[in-house]
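K.L.:
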Amino acid sequence: MTIQDVNASLALGADGVRSANAGAFGRKALQLIGDLATRFGVLIAFALLWEYGGRLGFLNSAVIPPLSDVIAALRDGLVSGPLKEDLGISLTRAGIAFGAATVIGIPLGLVMGQLPTAEKLIDPLLQLFRQTSALALYPVFILLLGLGETSKVFVIFWASLFPILLATIGGVQEVDGKLIEMARVYGARRLTIFRRVVLPGAVPQIFVGLRLSATTALLMLIAAEMIGANHGVGFQVMNAQYNFQIPLMFASIVLLALLGLAANYAILGLQRRLCRWNSAG
Amino acid sequence: MSATQAALRGEVSIRRLSKAFTLNDRRLDVLKGLNLDIRSGECLVIVGASGSGKTTLLRILAGLESADAGEVDIDGRPVDGVGAERAVIFQEPRLLPWLTVLENVTFGLDIRGWPKGEAKAEARHYIELVGLADFADAYPRQLSGGMAQRVGIARALTVKPEILLLDEPLGALDAMTKIAMQQELSRIWREEKVTMILVTHDLEEAIYLADRVLVLPSNKAQPPRLIDVDLPRPRERSSADFVALREELLAEFGLH
Chain D
1 MTIQDVNASL ALGADGVRSA NAGAFGRKAL QLIGDLATRF GVLIAFALLW EYGGRLGFLN
61 SAVIPPLSDV IAALRDGLVS GPLKEDLGIS LTRAGIAFGA ATVIGIPLGL VMGQLPTAEK
121 LIDPLLQLFR QTSALALYPV FILLLGLGET SKVFVIFWAS LFPILLATIG GVQEVDGKLI
181 EMARVYGARR LTIFRRVVLP GAVPQIFVGL RLSATTALLM LIAAEMIGAN HGVGFQVMNA
241 QYNFQIPLMF ASIVLLALLG LAANYAILGL QRRLCRWNSA G
Chain F
1 MSATQAALRG EVSIRRLSKA FTLNDRRLDV LKGLNLDIRS GECLVIVGAS GSGKTTLLRI
61 LAGLESADAG EVDIDGRPVD GVGAERAVIF QEPRLLPWLT VLENVTFGLD IRGWPKGEAK
121 AEARHYIELV GLADFADAYP RQLSGGMAQR VGIARALTVK PEILLLDEPL GALDAMTKIA
181 MQQELSRIWR EEKVTMILVT HDLEEAIYLA DRVLVLPSNK AQPPRLIDVD LPRPRERSSA
241 DFVALREELL AEFGLH
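Which chain is which? The protein sequence lines are D and F, in order. Position 273 of the first sequence, counted from 1, bears residue number 273 in our numbering, the numbering being contiguous throughout. Position 85 of the second sequence, counted from 1, bears residue number 85 in our numbering, the numbering being contiguous throughout.
#1: Looking at the unbroken beta strand (DSSP E) that takes in residue 16 of chain F, where does it start and where does it end?
#2: Taking Cβ-Cβ distances shorter than 8 angstroms, what residues in chain F pair up with residue 192 of chain D?
#3: For the stretch 208-228 of chain F, which residues have a beta carbon sitting closer than 7 angstroms to at least one beta carbon of chain D?
#4: With a cut-off of 8 angstroms, do at least 3 Cβ pairs link the stretch 163-178 of chain D to the stretch 132-140 of chain D?
#5: Short of 8 angstroms Cβ to Cβ, which residues in the stretch 180-194 of chain F face chain D?
#6: Do you know how far the Cα of residue 31 of chain D is from the Cα of residue 13 of chain D?
#7: Beta-carbon within less than 6 angstroms of residue 183 of chain D's beta-carbon, same chain only, minus the 5 sequence neighbours each way: which residues are those?
#8: Closer than 9 angstroms by beta-carbon distance: list the chain D residues that pair up with residue 114 of chain F, in chain order.
#9: Residue 224 of chain D to residue 258 of chain D, Cα distance in whole Å?
#10: Which residues of chain D have a Cβ atom closer than 7 angstroms to the Cβ of residue 92 of chain F, listed in chain order?
#11: Is residue 162 of chain F buried or exposed, if buried means 16 or more other CB atoms sit within 10 Å of its CB?
#12: Express the C-alpha separation of residue 166 of chain F and residue 34 of chain F in angstroms, rounding to a whole number.
#13: If you reduce the DSSP assignment to three classes, tell me which class residue 276 of chain D lands in.
#14: Since I believe residue 87 of chain D is in contact with residue 255 of chain D (beta carbons under 8 angstroms), could you give me their beta-carbon distance rounded to a whole number of angstroms?
#15: Helix, strand or coil for residue 209 of chain D? Go by DSSP, reduced to three states.
#16: Is the CB of residue 208 of chain D under 9 angstroms away from at least one CB in chain F?
#17: List the residues of chain F whose Cβ lies closer than 7 angstroms to the Cβ of residue 186 of chain D, in chain order.
#18: Report yes or no: is there a C-beta of chain F within less than 9 angstroms of the C-beta of residue 203 of chain D?
#19: Going by DSSP in three states, residue 66 of chain D sits in which element: helix, strand or coil?
#20: List, in chain order, every chain F residue whose beta-carbon is nearer than 9 angstroms to that of residue 197 of chain D.
#21: Using DSSP with H/G/I as helix, E/B as strand and the rest coil, what is residue 32 of chain F?
#22: Which residues bound the alpha helix (DSSP H) around residue 88 of chain D?
#23: What in chain F is Cβ-close to residue 181 of chain D, meaning under 7 angstroms?
#24: Taking C-beta pairs closer than 7 angstroms, name the residues in chain D that residue 88 of chain F reaches, listed in chain order.
#25: Once you ignore the five residues that flank residue 15 of chain F on each side, which residues in its own chain have a CB closer than 7 angstroms to its CB?
#26: Can you name the residues that DSSP bridges to residue 78 of chain F?
#27: Which residue wins for smallest C-alpha separation from residue 47 of chain D, given the options D/69, D/26, D/189, D/273?
#28: What does the alpha-carbon distance come out to for the pair residue 267 of chain D and residue 99 of chain D?
#29: Report the residue from D/76, D/119, D/104, D/61 whose alpha carbon sits nearest the alpha carbon of residue 252 of chain D.
#30: Between the stretch 232-240 of chain F and the stretch 201-209 of chain F, do at least 3 Cβ pairs fall closer than 8 angstroms?
#31: Whose CA, out of F/45, F/74, F/115, lies closest to the CA of residue 186 of chain F?
#32: Thinking C-alpha only, which one of F/140, F/78, F/51 is nearest residue 94 of chain F?
#33: Between F/65, F/204, F/100, F/142, which has its C-alpha nearest residue 179 of chain F's C-alpha?
#34: Could you name the residues that DSSP lists as bridge partners for residue 27 of chain F?
#35: If the cut is a Cβ gap below 9 angstroms, which residues of chain D does residue 123 of chain F touch?
#36: So, at 7 angstroms on beta carbons, what are the nonlocal neighbours of residue 30 of chain F in its own chain, with the 5 sequence-adjacent residues on each side left out?
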């Protein structure tokens with residue numbers, strides 16, 4: 001850069017600053033669009049393909065109706081159709097089961113994680129139960145608890161208990177013993193160490209378990225409703241297919257997918273709030 | 001407080017202290033009949049090869065391990081487990097990653113039931129002392145190794161220990177940071193007037209900081225050696241006396 005160039009750019013003064021700001025704004029906007037394209041581009045392409053696949057003749061619209069029809073069916077189903085009631089029933093089942101798994105799994109895991117002997121004794125049984133498909137046990141639960149709500153809620157509870165329980169046990173056991181020793185040096189007793197060191201240290205793992213459990217709960221919900229229910233979103237997927245209400249079937253599937261996403265992001269959001277230290281740059 | 005009590009603060013007396021480990025069915029004497037008196041306000045540095053028992057000795061003084069035989073008295077009272085008059089600084093900073101620097105430094109005071117406001121004020125004082133005032137609200141993962149270790153030091157100082165036990169506190173730091181931290185430790189020791197017992201394998205660090213150096217032999221048939229470091233402070237690493245003492249210590253390890 002020559003001295004003349006420097007003078008010229010100095011002479012630009014306020015206008016130069018303003019246009020530089022505008023340039024920066026433009027760059028930011030472009031970057032935002034770029035980020036959105038990277039994040040959602042493939043999703044949008046998928047939606048467009050779904051919407052126009054039938055009209056362009058490479059999807060059979062009778063089997064895979066356009067996305068707009070599915071969205072319309074979803075809206076109608078939720079506003080005036082069966083999906084509203086189904087959603088309420090499904091949420092109740094999954095909610096009770098997931099809530100019970102959380103309320104039992106986390107405290108039990110916190111205790112077991114601190115009692116190595118008890119954990120060692122029970123671990124083989126836990127591993128066996130975990131590896132036994134809850135769906136395979138569903139007939140047993142039906143025999144024991146009947147065909148009503150109890151067996152459905154119980155099978156969901158059973159399946160979603162293990163991820164949260166095992167993650168909590170693991171989280172407690174993985175807390176750095178050196179931190180516990182440090183707390184001891186300052187005179188912390190067992191309960192204080194648990195409250196100030198073990199519990200916060202296990203929180204990230206507990207959240208991993210919560211997300212796994214939520215996913216499992218929704219999976220089990222659908223399976224249980226497909227096998228032996230006459231209400232619920234999972235039931236509606238099968239029922240709509242029997243009755244050849246294909247848009248309603250897809251609407252139910254989309255609703256289930258949205259439920260899964262919502263649960264995942266809700267737990268993730270809670271985790272971000274509770275574990276700011278983990279993501280602080 | 002009477003004059004005799006004041007003179008007793010942070011005084012350690014070690015009598016016939018022994019500790020052995022069993023390794024592959026072989027009995028390994030780590031400490032054998034050790035006698036040592038550590039004066040109030042002194043800086044004693046313990047050096048020795050790996051396995052010479054220097055960390056074990058420090059952990060026994062901290063109350064984190066128990067001896068097989070012998071006794072340790074602090075200010076005339078036998079040591080039984082950890083105690084409020086001692087604080088330990090480990091090789092790793094051991095900060096709680098979910099707490100900010102300020103919250104980490106108040107940790108010791110929290111546990112001892114200090115009111116929140118007073119604990120914070122006290123912690124801020126020591127955070128300033130170790131030069132981290134601008135980082136009080138940072139999380140440990142945002143700090144460098146040297147900064148994190150300084151937080152650990154501040155945390156230990158807040159509980160006003162009579163005896164500061166340091167287990168290779170600068171062992172994991174790079175050479176530059178290490179020298180800066182040695183100066184800082186020397187300054188803190190002078191300002192806080194604590195008894196400082198420090199374990200290291202760095203002979204230069206030992207001479208820079210110590211009033212006396214305890215050399216623990218690997219061969220337990222030999223007695224441990226105590227070497228006085230009579231050099232004026234602040235110490236000059238390149239001075240003839242410093243270098244001569246370093247040679248003498250190297251000779252203790254059979255290195256010339």
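Beta carbons: idealized from backbone N, C-alpha and C, even for Gly.
P.N.:
For this structure:
#1: Note, residue 16 of chain F: beta strand (DSSP E), 12-23.
#2: Chain F residues near residue 192 of chain D: 111.
#3: Of all residues in the stretch 208-228 of chain F, none has a Cβ within less than 7 angstroms of some Cβ in chain D.
#4: In this structure the stretch 163-178 of chain D does not lie against the stretch 132-140 of chain D, because fewer than three pairs of beta carbons, one per stretch, are closer than 8 angstroms.
#5: Per Cβ criterion, the list is empty.
#6: Its pLDDT being 48, under 50, residue 13 of chain D is placed unreliably in this model, and the coordinates cannot settle the point.
#7: 193, 197.
#8: Those within 9 angstroms of residue 114 of chain F in chain D number zero; the least Cβ separation is about 12 angstroms.
#9: Roughly 19 angstroms between the two C-alpha positions.
#10: Ordered by position in chain D, the residues that pass the 7 angstroms Cβ test against residue 92 of chain F are 178.
#11: When all chains shown are included, residue 162 of chain F counts as buried.
#12: Their Cα atoms are separated by approximately 19 angstroms.
#13: Collapsing the DSSP output to three states places residue 276 of chain D in a helix.
#14: 7 angstroms between Cβ atoms; contact.
#15: Annotated three-state conformation of residue 209 of chain D is helix, per DSSP.
#16: Proximity of residue 208 of chain D to chain F, defined by a Cβ-Cβ separation below 9 angstroms, is not satisfied.
#17: Correct list: 107, 108, 111, 159.
#18: Chain F contact via Cβ: present.
#19: In the structure shown, the three-state DSSP call for residue 66 of chain D is coil.
#20: Ordered by position in chain F, the residues that pass the 9 angstroms Cβ test against residue 197 of chain D are 96.
#21: Residue 32 of chain F falls in the strand class under three-state DSSP.
#22: Element bounds for residue 88 of chain D: 83-114.
#23: By Cβ distance, chain F contributes 64.
#24: Per Cβ cutoff of 7 angstroms: 185.
#25: For residue 15 of chain F, same chain residues with a beta-carbon under 7 angstroms away, outside a window of 5 residues either side, are 35, 70, 71 in chain order.
#26: DSSP, once it has assigned bridges, lists F/73 as partnering residue 78 of chain F.
#27: When only C-alpha atoms are compared, the closest one is D/69.
#28: Distance from the CA atom of residue 267 of chain D to the CA atom of residue 99 of chain D, rounded to whole angstroms, is 13 angstroms.
#29: For residue 252 of chain D, the nearest C-alpha among the options comes from D/76.
#30: Result yes; three or more Cβ-Cβ pairs closer than 8 angstroms.
#31: Proximity to residue 186 of chain F across F/45, F/74, F/115 peaks at F/45, based on C-alpha coordinates.
#32: For the set F/140, F/78, F/51, the Cα lying nearest the Cα of residue 94 of chain F is the one of F/140.
#33: The option with the nearest alpha carbon to residue 179 of chain F is F/204.
#34: Beta-bridge partners assigned by DSSP to residue 27 of chain F: F/22.
#35: In chain order: nothing, as chain D lies at least about 13 angstroms away.
#36: Contacts found: 19, 20, 21, 53, 56.
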